[in-house]
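Here the structure is laid out as structure tokens; the discussion comes afterwards.
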Amino acid sequence: KRRSDFKNVAVCNFYIGKSLLKLQQPDAAMENFRSVDSSFTVNNYLRPDLREAYELLISHHAKTGERDQELYYVRRLLKVDSVLMRDYKYLSGKIRKELDTRALLRFQETLEQEIEQRDYIDAALVGVFALTVAALIRRQLRIRRRYHAKYEEWQQAIAAPIPALAEPSTQRTADFDISMDIVTPALKRLAKMEKDRKFLAKDMDLSKLAKIMDVNMKYASRIILEYRKKGVIEYIRDLRIAYVVGMLKTDKNFRKYTDQALAAEAGFGSTQNFTRAFKTVMEMPPRFFIAQLLKTNENSSTCDLTSI
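Take the sequence shown: its letters are residues 2 to 309, numbered as in this note's numbering.
And the structure:
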């Protein structure tokens with residue numbers, strides 16, 4: 002009785018599957034056809050009319066683009082055909098076949114080639130992705146090592162914060178022909194501007210500097226280049242970054258500022274301009290610099306506690 006039960010179940014699953022296909026329920030139909038295959042696998046039961054279940058499974062997976070499943074059921078159908086030829090040889094010519102053995106073998110070969118090609122492409126893409134990720138990681142490690150080295154350099158030169166403000170030089174370049182009667186008071190006014198931190202004003206530019214120095218813009222630009230060794234834009238930028246670095250070094254609350262807040266505090270027009278300027282001058286991003294400062298302070302605090 003049990004033996005006939007699984008036979009009936011397999012036959013019922015097949016015809017229920019076909020009915021579900023007519024009702025436009027392909028997923029449910031495929032589950033029934035898979036049950037037919039399970040019966041063949043577990044109980045080795047099959048009869049000629051159930052062969053169509055495999056053709057329908059192959060067709061379904063071909064439509065859905067599931068090449069692995071399609072190939073699986075092609076191979077299963079080849080096995081089914083070999084069993085049917087052995088057990089139902091007298092019916093071999095009458096069995097309805099959409100796919101004969103030769104066609105199945107050609108189809109199997111085509112699918113295997115497609116899947117092999119797909120797997121090769123997938124493996125190549127994975128390889129390229131892995132190499133790209135590895136290259137990015139190596140690049141990030143190199144960048145961080147460079148940042149660490151620059152931070153160490155800054156710590157060693159901490160007695161002369163970057164960028165150090167140049168003292169007025171008594172030596173003049175050959176083509177600098179502005180009278181010292183103009184230069185000397187202009188430099189004093191420039192030094193006072195630096196001391197008063199007027200460079201933090203957002204609208205600080207060459208015209209403002211010229212007014213502060215009480216000279217025309219051409220003279221102001223030439224004097225700054227001669228005695229500060231920088232163009233006006235670079236000069237203002239470096240003063241602002243020097244201010245930020247000094248404040249970060251001495252004021253713990255300043256280290257809690259966002260880049261946007263630091264940019265506003267230092268007179269930069271935007272956060273992007275500030276972070277770019279900081280990275281240019283200090284050769285590391287502000288966030289990295291602040292993180293290292295915090296680590297340095299934590300280590301110092303630990304050393305102080307162990308020495309008590």
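Where a beta carbon is used, it is the ideal one built from N, C-alpha and C, also for glycine.
Residue i to residue j span [Cα, whole Å]
i	j	result
ARG143	HIS149	10 Å
GLU32	HIS61	12 Å
LYS193	VAL216	15 Å
ALA124	LEU79	29 Å
LEU166	LYS189	For LEU166, the predicted model reports a pLDDT of 47, less than 50, meaning its position is unreliable; a value from the coordinates is still stated below. So the two alpha carbons sit approximately 14 Å from each other.
ARG198	ASP252	17 Å
ILE237	VAL134	39 Å
ASP6	ILE122	47 Å
ASN14	LEU137	54 Å
LEU47	ALA29	21 Å
THR272	ASP120	47 Å
ARG139	THR185	52 Å
ASN274	VAL245	14 Å
ASP178	ILE234	23 Å
ALA264	ARG277	11 Å
PHE290	ARG146	13 Å
LEU21	GLU110	31 Å
ALA292	GLY270	24 Å
GLU154	LYS296	16 Å
LEU24	GLN141	58 Å
SER208	GLN157	37 Å
TYR228	ILE183	13 Å
LEU226	ASN298	37 Å
PHE34	SER83	19 Å
MET181	ARG223	13 Å
LEU332	ARG107	For the chain, the structure presents residues 2 to 309; residue 332 sits outside this window and is missing.
GLN114	GLY66	15 Å
Cβ-heavy atom distance, residue i to the ligand ATP, below 6 Å
i	result
ARG87	Because no ligand of any kind appears in the structure shown, any question about the ligand ATP cannot be addressed here.
Cβ shell of residue i (< 7 Å), same chain only, five flanking positions each side left out
i	result
ALA211	ASN217, MET218, ALA221
ARG77	ASP38, TYR55
ASN44	PHE7
THR42	none
PRO27	HIS61
Same chain, Cβ closer than 8 Å to residue i, neighbours up to 5 away in sequence not counted
i	result
GLU71	ILE59, HIS62, ALA63, LEU112
VAL10	SER36, SER40
ILE116	ARG68, ASP69, LEU72
PHE200	MET194, ILE237, LEU240, ARG241, TYR244, GLY268
LEU294	LEU249, LYS250, ARG256
THR174	GLU227
Beta-carbon proximity check, residue i vs residue j, cutoff 7 Å
i	j	result
ALA187	MET214	yes
ALA267	ARG241	yes
VAL1	ARG52	Outside the displayed range of the chain (2 to 309) lies residue 1, so it cannot be described from this structure.
GLU284	LYS196	no
Own chain residues within Cβ distance below 6 Å of residue i, not counting five before or after
i	result
PHE255	MET248, LEU249
PHE1	Outside the shown range of the chain (2 to 309) lies residue 1, about which nothing can therefore be said.
LEU191	MET214
GLY18	ALA30, ASN33, PHE34
GLN118	none
Rounded distance between the beta-carbons of residue j and residue i, thought under 8 Å
i	j	result
TYR89	PRO49	6 Å
Contact with chain B by residue i, beta-carbon distance below 7 Å
i	result
LEU188	As a matter of chain content, chain B is missing from the structure shown, which is built from one protein chain.
Does the structure place the region 113-133 close enough to the region 255-271 that three or more beta carbon pairs sit under 8 Å?
Three or more beta-carbon pairs separated by less than 8 Å are not found between the region 255-271 and the region 113-133, which leaves the two stretches without contact.
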